[in-house]
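Visitor:
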Amino acid sequence: MDREIIRAMAKAERMMDSGELPYVWAPSAKGIMERLACTSEIMVEFDLVSGQRVNSMIREAIIDFNIKQMLDRLGDIADNIGLDPNFDFRKMMEDNDDDNT
């Protein structure tokens, strides 16, 4: 992994330790409980409290919410840079999701 990515991850860990960045304890793919950093918007959306434990269903909802936010932001960026208006990040992601099921 790139050193800058490791540094960013270490900074996020410090921010969670200090309470600057909210997080929940969520099961990883291996079933181990790990901290999952969350935006304040996610905390409000799902009525979460920093440090609380969540199950795999809530973890998936958080991930899906993050993906939708990312796709919305990508759409805004595409508009700002003049990408072909027919290009749809959401459709591309849905197609990729369908291919993986």
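So the mapping is simple: our numbering equals the position in the sequence shown, first residue as 1, plus 1275.
By construction, the Cβ of each residue, glycine as well, lies at the ideal position given by its N, Cα and C atoms.
1) Between the alpha carbons of Ile1227 and Pro1297, how many angstroms are there, rounded?
2) So is Leu1311 buried or exposed if we call it buried at 16+ other beta carbons inside 10 Å?
3) I need the DSSP call for Leu1311, collapsed to helix, strand or coil.
4) Which one or two residues does DSSP pair with Arg1278 in a beta bridge?
5) Specify the secondary structure class of Ala1304 as computed by DSSP and reduced to three states.
6) Which of the three DSSP states is assigned to Val1319 in this structure?
7) Confirm, please, whether the CB-CB distance from Val1324 to Met1318 is below 9 Å.
8) Taking Asp1339 as part of the alpha helix (DSSP H), name the residues at either end of that continuous run.
9) Between the C-alpha atoms of Ile1356 and Gly1350, what's the straight-line distance to the nearest angstrom?
10) Exposed or buried, which one is Ala1304 when buried takes at least 16 other CB atoms within 10 Å?
11) Just mark Ala1301 as buried or exposed, buried being the case when its beta carbon has 16 or more other beta carbons within 10 Å.
Guide: Reading off the structure:
1) Only positions 1276 to 1376 of the chain appear in this structure, which leaves residue 1227 out of reach.
2) buried
3) strand
4) Residue pairing by DSSP leaves Arg1278 without any beta bridge partner.
5) coil
6) helix
7) yes
8) 1331–1356
9) 10 Å
10) exposed
11) buried
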